[in-house]
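Trainee:
Numbering (this note's numbering), first residue to last: 30 to 944.
Next up, the structure:
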């Protein structure tokens, strides 16, 4: 029951040569190594390698040791292979490995044996049984989710594995596995899968019989899986026989279990009943395929919903309408959940559960204009098909809208045909309807009860063998309807649009397309929050503490920047009662929305106690966004043609996440400061970033403003300088001299990094680790934004708290956590943009000579350590300085704002990163 299968569709014509062209031999992919061929590349990065082959042809030859395999990369030809050529191209080496281990079951059989066995099993998946299956799925999920507790950190992959196994066991076998059997099953399955792929690549089958470690683990796993299945199929009749009025082999609902159905059937070829070995073979097929692929898809589904809360909100709204709480799921109700179905389809498209599948040509065949000799092994990758940009624009982006209204979209019929998660033809997955229903029912039951929020740095990551497993996702649970959990290592993800434009965040990094040349600026990049000199960098001996870029000759995306998306992503978003501003309103200086007057109150003092403001409404943030648009135009920072792309940055949304209580003039100040800094940073992606004299001409006057230098009388000021002079006055006017001195020092340290980085680029030098740590912290504006926390609160932090060395450490941790989170999500993008030296994950790979996954694990561990340390620092500081609780909480909210953007941004969301 290879989770995904397809319905029959007429094949779209594959790309072929003109009629009359003679068949040709498929081209050989470059890069084969002597004796090994392409096996190292396939084993090292299966998805990346297979996805790269389409550029060489619709069918491409690769070499795996002495064997030659043809990889089919065209969707139309894959459909032809699976449907028209199904008889001539039976399943290949991967399935043969399982046939040796588990017998000639439905998954492994071919020809008449496969047809007969399918007819025997089909009644178990008939529509008349779906109602009872739905009830079991719902009950099992409710029972498991009911055992979870508020605040619990959940290993999602592990929980979904247990859930899927229990659903299959109870729905198809009406049995319950012991806890020991369940754990044994999950421990054995990875060894079985790994052995399956390794043995399928052996140049000779005899190698599978050698006492190699991988073979021994495979054989042990097969024994364990057989024992677990024996427990289930042996238990079912006894379990049902003991119920009053319940005949042997029938469930309480009166239907036959799968084992009873098989035992009652006769082999059409011989007329004899199936043997217990035959029953076991079919049972283990359902256990293996029906557990791993469904659990993996459920894990990816939760991962995507955590990162796309607006999609989650729409799913919940649809459930409320068509499947209200307390009602049992029915086939009719599920059929009305069209958007939920589109979401699950997009999860399956983006995260196909199989890395590749194989067929073997038993006779000579033609695929398109290619000649395939008899005996040739053929391979195709669902992941490569489902991520083909020619069929799915922005293929790595999570966009459920692709599947609404029948999936009509830019890819057209070819894209619908390429969507083959459940296979095609006579080997179509028999449990397709069961699997789709299980995904929907389980997700509905979980989401109604719990609101999961991702633990910092624990995004699901792909682990590839024959299947593409999702590992590493941990979430903290909060009861649905209650507040999100707010404990160390967890971040709330605020509502985000389904189709999220690139957004700028305080410690942002990576560049997108330029906004065009406005008067005095393009639209730039928000630099990573840095800090004042009082907050010292972590010891240089710890590479994970800070090994970010700030090096010479960077590309336009090397610097930490507001992240933006391409114009194709700049779509307005429907707002919800909890949504922050999604789109900036275009307002010219003449029509700009008037700013609210600053609140009438005395200037903050170090000992003032501010009254907590009322909650901010979404309309306030939208109004601030509109006022900010007018402000940028009035100061000449942007011109009207620049605005459309600038709006995609959604800068107010970042501020909304990071400062949930900012309102009025303070909210305007935050948005304007972030926007100004974004535009300034973009300037340094051009010539000023490579020419020290030009850099000094820009930065020098900005530093002069901090020193109190007056504006030149009668002379026009450059837009950046004039806007900065106003912003500094707005920041400092109500604050004490002590605050002004601190804030000036923090901004000075931040602005001077422009000069240091420009000097490195001009000299083509690379900073050492200690300097990289220092520049990394100060090159962003997070430290100044921590200072603005006091301006927003209306009271300066207590002097005793500010003098605490542990507060300096907390502020440094705040900057480090934010930038390390960003590094995990941006590694792949920066590597493609030649910014590898400036990303912590990639730097660790280079310096330590380790793999990407090990480097990412080191960064995640560092985030966890810093987060734990930060919470301990907050607790100790709070005991000594209870009046400063708002400031300590504010440092946490800043990190949460960064995480909210990073984990939902389209910029990194579809690009993998090193999460």
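No residue lacks a Cβ here, since even glycine has one placed at the ideal position from N, Cα and C.
Using the C-alpha atoms, what's the distance from residue 821 back to residue 829?
Mentor: Near 20 Å, if we compare the C-alpha coordinates of residue 821 and residue 829.
Trainee: Helix, strand or coil, according to DSSP, for residue 500 in the structure here?
Mentor: strand
Trainee: May I have the straight-line CA-CA distance separating residue 233 from residue 250, to the nearest angstrom?
Mentor: 22 Å
Trainee: Under 8 Å between C-beta atoms, does residue 883 make it to chain D?
Mentor: Given the protein chain composition of this structure (a single chain), no chain D is represented.
Trainee: Would you check if there are 3 or more beta carbon pairs closer than 8 Å linking the segment 234-245 to the segment 198-215?
Mentor: Short answer: they don't touch.
Trainee: To test your reading of the DSSP string, which unbroken alpha helix (DSSP H) runs of 4 or more residues are found completely within the segment 109-193?
Mentor: 122-131, 140-150, 156-175
Trainee: Give me the Cα-Cα distance between residue 840 and residue 879, rounded to the nearest whole angstrom.
Mentor: 30 Å
Trainee: Spell out a yes or no on whether the segment 163-179 and the segment 244-262 are touching, meaning 3 or more CB-CB pairs, one atom from each, closer than 8 Å.
Mentor: no
Trainee: Hey, could you find the ends of the alpha helix (DSSP H) residue 474 is sitting in?
Mentor: Run containing residue 474: 461-478, per the alpha helix (DSSP H) assignment.
Trainee: For residue 787, list the residues DSSP reports as bridge partners.
Mentor: Answer is none; residue 787 lacks a bridge partner.
Trainee: Pull the bridge partners of residue 387 from the DSSP assignment, please.
Mentor: 408
Trainee: Could you spell out the range, first to last residue, of the beta strand (DSSP E) harbouring residue 97?
Mentor: 96-101
Trainee: So the beta strand (DSSP E) residue 484 belongs to, where does it begin and stop?
Mentor: Segment: none, residue 484 is in no beta strand (DSSP E) and carries neither H nor E.
Trainee: Near residue 787, what residues of its chain come up, given a Cβ to Cβ distance below 6 Å and the 5 sequence neighbours on each side ignored?
Mentor: 718, 721, 724
Trainee: Relative to the alpha-carbon of residue 803, which residue among 826, 778, 430 has its alpha-carbon at the smallest distance?
Mentor: Among 826, 778, 430, the Cα nearest to that of residue 803 is on 778.
Trainee: Assign residue 694 to one of three DSSP states: helix, strand, or coil.
Mentor: helix
Trainee: Beta carbon of residue 646, beta carbon of residue 222: below 8 Å?
Mentor: In this structure, residue 646 keeps its C-beta atom at 8 Å or more from the C-beta atom of residue 222.
Trainee: Is residue 878 helix, strand or coil by DSSP?
Mentor: coil
Trainee: Is it a yes or a no for the segment 693-709 touching the segment 654-662, going by three-plus beta-carbon pairs under 8 Å?
Mentor: yes
Trainee: Do the segment 659-666 and the segment 677-691 make contact, defined as three or more Cβ pairs closer than 8 Å?
Mentor: no
Trainee: From what residue to what residue does the alpha helix (DSSP H) around residue 370 run?
Mentor: 367-379
Trainee: Could you check if residue 210 is buried or exposed, using at least 16 other CB atoms within 10 Å of its CB as the buried criterion?
Mentor: Burial call: buried.
Trainee: Name the DSSP beta bridge partners of residue 493, please?
Mentor: 497
Trainee: Grab the span of the alpha helix (DSSP H) containing residue 833 for me, first residue to last.
Mentor: Here residue 833 belongs to no alpha helix (DSSP H), and DSSP marks it neither H nor E.
Trainee: Less than 8 Å separating the beta-carbons of residue 780 and residue 728?
Mentor: Yes, the Cβ-Cβ distance between residue 780 and residue 728 is below 8 Å.
Trainee: Taking residue 152 as the reference, give the member of 734, 201, 836 with the closest Cα.
Mentor: For residue 152, the nearest C-alpha among the options comes from 201.
Trainee: Could you give the distance in angstroms between the alpha-carbon of residue 482 and the alpha-carbon of residue 490?
Mentor: 16 Å
Trainee: Which value, in whole angstroms, describes the spacing of the CA atoms of residue 368 and residue 341?
Mentor: Straight-line spacing of the CA atoms in residue 368 and residue 341 works out to 11 Å.
Trainee: Assess, as a yes-or-no matter, whether the segment 834-852 is touched by the segment 908-928 under the definition of 3 or more beta carbon pairs within less than 8 Å.
Mentor: yes
Trainee: What does the Cβ neighbour count give for residue 291, buried or exposed, with the cut at 16 atoms within 10 Å?
Mentor: Its Cβ being crowded by 16 or more others within 10 Å, residue 291 is buried.
Trainee: By Cβ distance, which residues of its chain are closer than 7 Å to residue 842, with the 5 residues on each side in sequence left out?
Mentor: 895, 898, 899
Trainee: Measure the C-alpha to C-alpha separation of residue 78 and residue 676 and round it to an integer number of angstroms.
Mentor: The alpha-carbon atoms of residue 78 and residue 676 are separated by roughly 37 Å.
Trainee: Sorted by chain position, which residues of the same chain lie with C-beta nearer than 7 Å to residue 463's C-beta, five sequence neighbours on each side aside?
Mentor: Within the same chain, and ignoring the five residues on either side of residue 463 in sequence, the residues whose Cβ sits closer than 7 Å to its Cβ are 154, 162.
Trainee: Label residue 167 either buried or exposed according to how many other C-beta atoms from any shown protein chain fall within 10 Å of its C-beta, with 16 as the threshold for buried.
Mentor: buried
Trainee: Cα separation between residue 304 and residue 144?
Mentor: The straight-line gap from Cα to Cα measures roughly 18 Å.
Trainee: Comparing alpha-carbon positions, which option in 225, 784, 319, 478 lies nearest residue 385?
Mentor: 225
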